[in-house]
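J.:
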Amino acid sequence: MSEQAHHTSHSPLPYLLTLIALLFLTGITVGAAYVDFGSSTVNIIIAMLIATFKASLVALVFMHLRHDKPLNSIIFLSSLIFLGILLGFCMIDLGSRERVYPTGLRKVDPPPTAAPAAAPPAAAPAAH
Amino acid sequence: MSNSTHDVAEHRFRQHHFANAEQQLDTSKIGMWLFLATEILMFGGLFVGFGLMQGVYPEAWVAGHHHLDRVLGAVNTVFLLCSSFTMVMAVHYASTDQKSKTVMNLGLTLGFAFAFLVVKYFEYSHKFHDGLLPGRYFNLAGIGGPPQQAMFFGFYFAMTGIHGFHVLIGIALIAWIMIRANRGDFSSAYYTPVDLVGLYWHLVDLIWIYLFPLLYLVS
Amino acid sequence: MADIITSPHISGHADHHDVDYLHDGKGLKSWLTTVDHKRIGVMYLWSILFMFFLGGVFAMMIRLELLTPKETIMSAETYNKVFTLHGAIMVFLFIIPSVPAALANFVLPLMLGAKDVAFPKLNLFSWYIYMAGALIAIAAMVTGGVDTGWTFYTPYSTTTDGSVALMTFAAFVLGFSSILTGVNFVATIHKLRAPGMGWFDMPLFCWGIYATALIQVLATPVLAITLLLLIMERTFGIGIFDPKLGGDPVLFQHFFWFYSHPAVYIMILPGMAIISEIIPTFSQKTIFGYRAIAFSSVAIALVSFIVWGHHMFTSGQSQLASAIFSFITFFVAVPSAIKTFNWIVTMYKGSVAFNAPMLYALSFLLLFGIGGLTGIFLGAVSVDIHLHDTYFVVAHFHYVMMGSTVIAFLGGLHYWWPKMFGRMYSEPAARIACALVFIGFNATFLPQFVLGSRGMPRRYYNYLPEFQALHQASTVGSWILGLGFLIMAGYLFASLRKKMDAPANPWHSRTLEWQTASPPITHNFHEVPSVGGGPYDYYRPVGTGRNA
Numbered sequence: 025m026s027e028q029a030h031h032t033s034h035s036p037l038p039y040l041l042t043l044i045a046l047l048f049l050t051g052i053t054v055g056a057a058y059v060d061f062g063s064s065t066v067n068i069i070i071a072m073l074i075a076t077f078k079a080s081l082v083a084l085v086f087m088h089l090r091h092d093k094p095l096n097s098i099i100f101l102s103s104l105i106f107l108g109i110l111l112g113f114c115m116i117d118l119g120s121r122e123r124v125y126p127t128g129l130r131k132v133d134p135p136p137t138a139a140p141a142a143a144p145p146a147a148a149p150a151a152h
Numbered sequence: 032m033s034n035s036t037h038d039v040a041e042h043r044f045r046q047h048h049f050a051n052a053e054q055q056l057d058t059s060k061i062g063m064w065l066f067l068a069t070e071i072l073m074f075g076g077l078f079v080g081f082g083l084m085q086g087v088y089p090e091a092w093v094a095g096h097h098h099l100d101r102v103l104g105a106v107n108t109v110f111l112l113c114s115s116f117t118m119v120m121a122v123h124y125a126s127t128d129q130k131s132k133t134v135m136n137l138g139l140t141l142g143f144a145f146a147f148l149v150v151k152y153f154e155y156s157h158k159f160h161d162g163l164l165p166g167r168y169f170n171l172a173g174i175g176g177p178p179q180q181a182m183f184f185g186f187y188f189a190m191t192g193i194h195g196f197h198v199l200i201g202i203a204l205i206a207w208i209m210i211r212a213n214r215g216d217f218s219s220a221y222y223t224p225v226d227l228v229g230l231y232w233h234l235v236d237l238i239w240i241y242l243f244p245l246l247y248l249v250s
Numbered sequence: 010m011a012d013i014i015t016s017p018h019i020s021g022h023a024d025h026h027d028v029d030y031l032h033d034g035k036g037l038k039s040w041l042t043t044v045d046h047k048r049i050g051v052m053y054l055w056s057i058l059f060m061f062f063l064g065g066v067f068a069m070m071i072r073l074e075l076l077t078p079k080e081t082i083m084s085a086e087t088y089n090k091v092f093t094l095h096g097a098i099m100v101f102l103f104i105i106p107s108v109p110a111a112l113a114n115f116v117l118p119l120m121l122g123a124k125d126v127a128f129p130k131l132n133l134f135s136w137y138i139y140m141a142g143a144l145i146a147i148a149a150m151v152t153g154g155v156d157t158g159w160t161f162y163t164p165y166s167t168t169t170d171g172s173v174a175l176m177t178f179a180a181f182v183l184g185f186s187s188i189l190t191g192v193n194f195v196a197t198i199h200k201l202r203a204p205g206m207g208w209f210d211m212p213l214f215c216w217g218i219y220a221t222a223l224i225q226v227l228a229t230p231v232l233a234i235t236l237l238l239l240i241m242e243r244t245f246g247i248g249i250f251d252p253k254l255g256g257d258p259v260l261f262q263h264f265f266w267f268y269s270h271p272a273v274y275i276m277i278l279p280g281m282a283i284i285s286e287i288i289p290t291f292s293q294k295t296i297f298g299y300r301a302i303a304f305s306s307v308a309i310a311l312v313s314f315i316v317w318g319h320h321m322f323t324s325g326q327s328q329l330a331s332a333i334f335s336f337i338t339f340f341v342a343v344p345s346a347i348k349t350f351n352w353i354v355t356m357y358k359g360s361v362a363f364n365a366p367m368l369y370a371l372s373f374l375l376l377f378g379i380g381g382l383t384g385i386f387l388g389a390v391s392v393d394i395h396l397h398d399t400y401f402v403v404a405h406f407h408y409v410m411m412g413s414t415v416i417a418f419l420g421g422l423h424y425w426w427p428k429m430f431g432r433m434y435s436e437p438a439a440r441i442a443c444a445l446v447f448i449g450f451n452a453t454f455l456p457q458f459v460l461g462s463r464g465m466p467r468r469y470y471n472y473l474p475e476f477q478a479l480h481q482a483s484t485v486g487s488w489i490l491g492l493g494f495l496i497m498a499g500y501l502f503a504s505l506r507k508k509m510d511a512p513a514n515p516w517h518s519r520t521l522e523w524q525t526a527s528p529p530i531t532h533n534f535h536e537v538p539s540v541g542g543g544p545y546d547y548y549r550p551v552g553t554g555r556n557a
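Protein chains in written order, with our numbering: chain A, 25 to 152; chain B, 32 to 250; chain C, 10 to 557.
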């Protein structure tokens, strides 16, 4: 019951401030989209950082996570972590799909003419 | 706020398998957050697919997003942010026994939600008219540009469509707790449904916070 | 008697004191509107057993068809549909809900000393969703069938005829039911443990179910969105998974296995959870390594999320990803082995009774050993390239899914049957059935290891003549298995026709579900139990410590 009553001690002012901050950040997001930061990747990263900041505000203030039992925050964060796992492993796969790694199990003598052409792709992964 | 109010609320709304109201509230909240986690992972799957395909076809994504109206997207963002604010105010007033303000804020939330859907309706009908449809229905000959725009619009409609579906469910839930609030079901001793619907509604907002820059502001 | 508990708002202090849950309300309506976790568990039990029967009939048809090369009883097209339906029914409609939704629904609140699960109405709702999913799946079978295999791989699944969209929608709906069960159990375990019961005072079954529920909550949503995308792919051709349109079919496999690999652990963890109950009870000895078993459940759940790529070594996934996934896969063996060794040591110097549940538990140890170790072979990239898509894989996952999970489920069913229905079954008949199931299972699937390592591909309708002897051995094995199940059905149904004769605690167990009547009263316990001491304190005299 004390739990139910715990919001009552707060004034609604933080909610209003949060709304203003969210609207302001939305403006920045739209504005930043018109600015060229050199590459679209930078633009996307900036937009995602602002979005994450906004989402954190919503979660902490509107969704009361800053006052709530820690378990609820853990549940929320774990969903993001597992999403990160899905994204991370898919990116590892898609990002390295074209590369062929030398196995070192078996040496095949390349045909004499193709030798210089075959060498760079085999060596390339080592450089990364 | 008197003890007797608490006792009445406890008597009316406490389910028999809970020892007390606090245990019941904690349990409801855990349940809701677990459900929200599943929502995040479901939308997250879409986001991951969207992001990976954007990495493969960046030109198609840029070309596709030029057909989206940034202004309408921004307006809708503002609508949802405001609705989130009125929702949290409704929870606040419900927790402080201010019935009429609770109902009023829930009504405002509904209004913003409908405004969001109206804008979405105009966006969708504009897309339908221009042949900006998902997959094989995409009018590539009329629009030009990279063919993978069809995939971009597949994602666009999947993401905004599922999000819009959640807005519809949210509207139904908010209307339901509005009726209950008006009936006087809630007090500072018991307002769990308002709290939980609020959490759901904020999540709908939270997802849109990511959808908006991802879809409308690719550049 | 007259009063039917349909609403959790009614507090049941006075009238239902001595009425068991089976007799608290009569008629179909009292069952269909119940929010009692025990009744919902029983409804789930009959539903999944029916599905097990259906999937089993398809399995027998597959084995019969493979008795001879070429056509035996059905055409190649029908064969493709039959093995798809066997897989889809067994995975989505039987194994995944089997232990969590049916058995755990019944015993988890009892073990925790709770009156019900956290969200009783949601619990009932999840059963209705399950039934809706089952009906949609049956509709998909009747209207054209599905021939994609239960994995729905693209681009085949987006181009083949048949009711693929309907079947995937059924899996989507069933996933939703599974999520609700998971949410319910996590909340129940967190908040509804009896006063005095700390996390490490819970029976290990609860730890296993907790780990399972975590996977259900965290993995199933990704399957949901994958299946929705698949439906969109079929309807609109959005091209995400279609290489012709620039999409990536391997991405589908990533999404699919992000759920479906953890789903394998949704299947095996509850089985392990049952074994952790049966072995200490029938050894009358404290479980060895309680914390190790508890934490290994959670460890398996977590590791299960980062190994899914081992299903994709031959899919065109990058070599780097394959190497990483293969490496991590070996770590699954560690917590699995921790559990196995602890179970074996628990029996050491115990007074072991070989009742039917214990016979199933011992079968589990052997069969899981085979299933788990062959899994390590398949987790190694180089070996898997050779064995992928052969009968070796089929034999491996049947040793895990059927040899382990289903055997553990049967053990649990026999273990809790007296508690659920208040009746003892015929013990000699149960032992014979168990022996037949064990022999039949091994006769069916051991030859398949040999078939696979000699190169017999899975899902093939036809085969070379030199494989016929082993295929026939396998088919004969399936008949022995079927006979075992027939006998089991016979004595279990026969027991239901008797009058109630089961004592409250026929196995002399110390966990809480046995400290109330068989069958339990509607509110489970006359008073809220208070707990002092662990769930396996067999060294204490009866009546001291827990629930004394």
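All C-beta atoms, glycine included, are put in the ideal place defined by N, C-alpha and C.
For Ile275 of chain C, which residues of its own chain have a beta-carbon under 7 Å away from its beta-carbon, when the five flanking residues on both sides are left out?
T.: Ile105, Thr221, Ile224, Gln225.
J.: Does Leu227 of chain B get closer than 7 Å to chain A when you measure Cβ to Cβ?
T.: For Leu227 of chain B, the answer is no, since every Cβ of chain A falls outside 7 Å of its Cβ.
J.: Kindly confirm or deny that the stretch 112–127 of chain C and the stretch 165–176 of chain C touch, where touching means at least three C-beta pairs closer than 8 Å.
T.: No, because fewer than three Cβ pairs between the stretch 112–127 of chain C and the stretch 165–176 of chain C fall closer than 8 Å, the two stretches do not touch.
J.: If you follow the alpha helix (DSSP H) that Thr223 of chain B is part of, which residue opens it and which one closes it?
T.: Counting along the chain, the alpha helix (DSSP H) containing Thr223 of chain B begins and ends at 223–247.
J.: Under 7 Å between beta-carbons, which chain C residues line up against Tyr168 of chain B? List them in chain order, please.
T.: Under the 7 Å cutoff, chain C gives Phe245.
J.: Using only alpha-carbon positions, find the residue among C:Thr323, C:Leu455, C:Asp393, C:Met60 that is nearest to Thr484 of chain C.
T.: When only C-alpha atoms are compared, the closest one is C:Leu455.
J.: Report the rounded CA-to-CA distance for Leu31 of chain C versus Leu521 of chain C, giving the unit in angstroms.
T.: Straight-line Cα distance between these residues: approximately 19 Å.
J.: State the start and end residues of the unbroken alpha helix (DSSP H) segment that holds Asn351 of chain C.
T.: Its alpha helix (DSSP H) spans residues 328–356.
J.: Is the Cβ-Cβ distance between Asn170 of chain B and Gly162 of chain B less than 7 Å?
T.: In this structure, Gly162 of chain B lies closer than 7 Å to Asn170 of chain B by Cβ.
J.: DSSP three-state call for Pro149 of chain A: helix, strand or coil?
T.: Confidence at Pro149 of chain A is low in this model, with a pLDDT of 42, below 50, so the placement of that residue is unreliable and no value is reported for it.
J.: Which complete alpha helix (DSSP H) runs does the stretch 272–319 of chain C hold, if anything under 4 residues is left out?
T.: Within the stretch 272–319 of chain C, the complete alpha helix (DSSP H) runs of at least 4 residues are 299–312.
J.: Under a CB-based cut-off of 7 Å, is Leu110 of chain A close to chain C?
T.: Interface residue, yes.
J.: Step through the CB atoms of chain C and report whether any lies within less than 7 Å of the CB of Phe100 of chain A.
T.: Judged by the 7 Å Cβ criterion, Phe100 of chain A is not in contact with chain C.
J.: In chain order, what residues of the same chain have a beta carbon less than 7 Å from the beta carbon of Val459 of chain C, not counting five sequence neighbours either side?
T.: Closer than 7 Å at the Cβ level, and outside the excluded window around Val459 of chain C, lie Leu479.
J.: Would Ser539 of chain C and Gly205 of chain C be called neighbours here (beta carbons separated by less than 7 Å)?
T.: Yes, the Cβ-Cβ distance between Ser539 of chain C and Gly205 of chain C is below 7 Å.
J.: Identify every residue that forms a DSSP beta bridge with Thr399 of chain C.
T.: Thr399 of chain C pairs with C:Pro466.
J.: How would you label Lys151 of chain B, buried or exposed, when you count the other beta carbons within 10 angstroms and need 16 or more for buried?
T.: Buried, by the Cβ-count rule.
J.: Measure the CB-CB distance between Leu232 of chain C and Asn193 of chain C and report whether it falls below 7 Å.
T.: Cβ distance not < 7 Å, so Leu232 of chain C and Asn193 of chain C don't count as in contact.
J.: In whole angstroms, what is the alpha-carbon distance linking Ala138 of chain A and Gly82 of chain B?
T.: With a pLDDT of 46 at Ala138 of chain A, under the threshold of 50, the modelled position of that residue is not reliable, and the figure given next carries that caveat. Rounded to the nearest angstrom, the two C-alpha atoms are 38 Å apart.
J.: Following the continuous alpha helix (DSSP H) through Trp523 of chain C, name the residue where it begins and the one where it ends.
T.: Neither: Trp523 of chain C is in no alpha helix (DSSP H) and is coded neither H nor E.
J.: In whole angstroms, give me the CA-to-CA distance for Leu501 of chain C and Ala362 of chain C.
T.: Rounded to whole angstroms, Leu501 of chain C to Ala362 of chain C spans 21 Å at the Cα level.
J.: If we count the other Cβ atoms within 10 Å of its Cβ and call it buried at 16 or more, is Ile44 of chain A buried or exposed?
T.: Ile44 of chain A is exposed by the Cβ-count criterion.
J.: Taking only the alpha-carbon atoms, compute the straight-line gap between Gly62 of chain B and Ala141 of chain C and give it to the nearest angstrom.
T.: Straight-line Cα distance between these residues: approximately 23 Å.
J.: CA-CA distance, Ser219 of chain B and Asp128 of chain B?
T.: Cα to Cα, the separation comes out at about 5 Å.
J.: Give me the Cα-Cα distance between Tyr241 of chain B and Tyr187 of chain B, rounded to the nearest whole angstrom.
T.: In a straight line, the C-alpha of Tyr241 of chain B is about 13 Å away from that of Tyr187 of chain B.
J.: Step through the CB atoms of chain C and report whether any lies within less than 7 Å of the CB of Pro89 of chain B.
T.: Chain C, which has no Cβ nearer than 7 Å to the Cβ of Pro89 of chain B, makes this no.
J.: Would Gly75 of chain B pass as an interface residue toward chain A - the criterion being a Cβ-Cβ separation below 7 Å?
T.: Gly75 of chain B counts as touching chain A.
J.: Quick one: Cα of Phe261 of chain C to Cα of Leu77 of chain B, how far?
T.: Those two C-alpha atoms are separated by around 12 Å.
J.: Between which two residues does the alpha helix (DSSP H) containing Phe115 of chain C stretch?
T.: Run containing Phe115 of chain C: 114–121, per the alpha helix (DSSP H) assignment.
J.: Can you find the residues in the same chain that come closer than 8 Å, C-beta to C-beta, to Gly80 of chain B, ignoring five residues on each side of it along the sequence?
T.: Hits under 8 Å: Phe186.
J.: Grouping DSSP H, G and I as helix and E and B as strand, with all else coil, what is Asp29 of chain C?
T.: Three-state result, Asp29 of chain C: strand.
J.: Would you report the Cα separation of Phe264 of chain C and Ser313 of chain C, rounded to the nearest angstrom?
T.: So the alpha carbons of these two residues sit roughly 14 Å apart.
J.: Would you report the Cα separation of Glu86 of chain C and Phe494 of chain C, rounded to the nearest angstrom?
T.: Whole-angstrom Cα-Cα distance: 29 Å.
J.: Can you give me, in chain order, the residues of the stretch 81–105 of chain B that have a beta carbon less than 7 Å from any beta carbon in chain C?
T.: Under the 7 Å Cβ criterion, the stretch 81–105 of chain B contributes Leu83, Met84, Tyr88.
J.: Taking 6 Å as the limit between beta carbons, can you name the residues of its chain near Ala68 of chain C, skipping five residues before and five after?
T.: For Ala68 of chain C, where only same-chain residues beyond five positions count, the Cβ hits under 6 Å are His95.
J.: Would you check whether the ligand FAD has a heavy atom nearer than 6 Å to the C-beta of Asn96 of chain A?
T.: Absence of the ligand FAD from the depicted structure is noted, as is the absence of any ligand whatsoever, leaving it without description.
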